[in-house]
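Undergrad: Let me begin by handing over the structure; questions about it come next.
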Amino acid sequence: MTIKEIQNEIIDEFSMFDDWMQRYEYIIELGKSLPLIKEEYKTDENLIKGCQSKVWLQGEQNDDKIVFTADSDAILTKGIIAILIRAFSNQKAEDIINADTEFIDEIGLKEHLSATRANGLVSMIKNIKMYALAFDAKNKN
1 MTIKEIQNEI IDEFSMFDDW MQRYEYIIEL GKSLPLIKEE YKTDENLIKG
51 CQSKVWLQGE QNDDKIVFTA DSDAILTKGI IAILIRAFSN QKAEDIINAD
101 TEFIDEIGLK EHLSATRANG LVSMIKNIKM YALAFDAKNK N
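Mapped onto full-length UniProt numbering, the consecutive letters of the sequence shown carry residue numbers 1 to 141.
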């Protein structure tokens with residue numbers, strides 16, 4: 001599936017819920033299915049700066065695609081990074097670089113997070129894009 005198709009699938013899933021309590025519960029559930037980062041990657045350099053809670057993100061190139069794993073010490077944050085990994089993992093670097101993140105606004109996530117969590121969300125997206133830029137640059141050399 002393309003990034004856009006996955007994002008549309010996520011939008012459809014969130015539209016099934018009537019209120020934000022149900023959506024928060026769903027986000028927490030998604031966090032439980034997160035492909036967890038190996039303990040050896042829970043380092044300061046994999047820690048996302050700008051997040052209220054601790055979030056570790058690791059990206060590895062597998063053939064021509066980037067595979068992300070992550071973890072967080074907060075259940076809601078774990079769900080948020082799970083959504084992002086679902087959208088961007090197993091995709092080509094240039095597709096990740098060029099992908100928009102409007103689906104975040106469409107599901108209403110940013111407006112229902114505290115200011116610090118919203119900043120953390122932006123930092124998570126930035127880190128995912130930076131991994132893609134780094135792998136893309138390496139591939140072109």
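Glycine residues also receive a C-beta, built at the ideal position from the N, C-alpha and C atoms.
#1: Just checking: is the beta-carbon of residue 77 within a distance shorter than 8 Å of some beta-carbon in chain D?
#2: Pair every Cβ in the stretch 84-91 with every Cβ in the stretch 58-74, then say whether three or more of these pairs are closer than 8 Å.
#3: Going by DSSP in three states, residue 98 sits in which element: helix, strand or coil?
#4: Going by other Cβ atoms of all chains shown within 10 Å of its Cβ, with 16 needed for buried, is residue 89 buried or exposed?
#5: Alpha carbon to alpha carbon, how far is residue 128 from residue 91?
#6: Ordered along the chain, which non-local residues of its own chain (more than five positions away) have a Cβ less than 8 Å from that of residue 19?
#7: What do you reckon, are the CB atoms on residue 79 and residue 120 nearer than 8 Å?
#8: Mind checking which residues open and close the beta strand (DSSP E) that includes residue 69?
#9: Nearest to residue 108 by alpha carbon, out of 4, 3 and 10?
#10: Taking the C-alpha atoms as reference points, what is the distance between residue 66 and residue 34?
TA: In short, the structure shows the following:
#1: Judged by its chain identifiers, the structure shown contains no chain D, having just a single protein chain.
#2: A contact exists between the stretch 84-91 and the stretch 58-74.
#3: DSSP places residue 98 in the helix class (H, G or I) of the three-state scheme.
#4: The residue in question, residue 89, is buried, as its Cβ has 16 or more Cβ neighbours within 10 Å.
#5: A direct Cα-Cα distance of roughly 11 Å separates residue 128 from residue 91.
#6: Nothing meets the Cβ criterion.
#7: No.
#8: Where residue 69 is concerned, the enclosing beta strand (DSSP E) starts and stops at 65-72.
#9: The option with the nearest alpha carbon to residue 108 is 10.
#10: Residue 66 and residue 34: Cα-Cα distance of roughly 16 Å.
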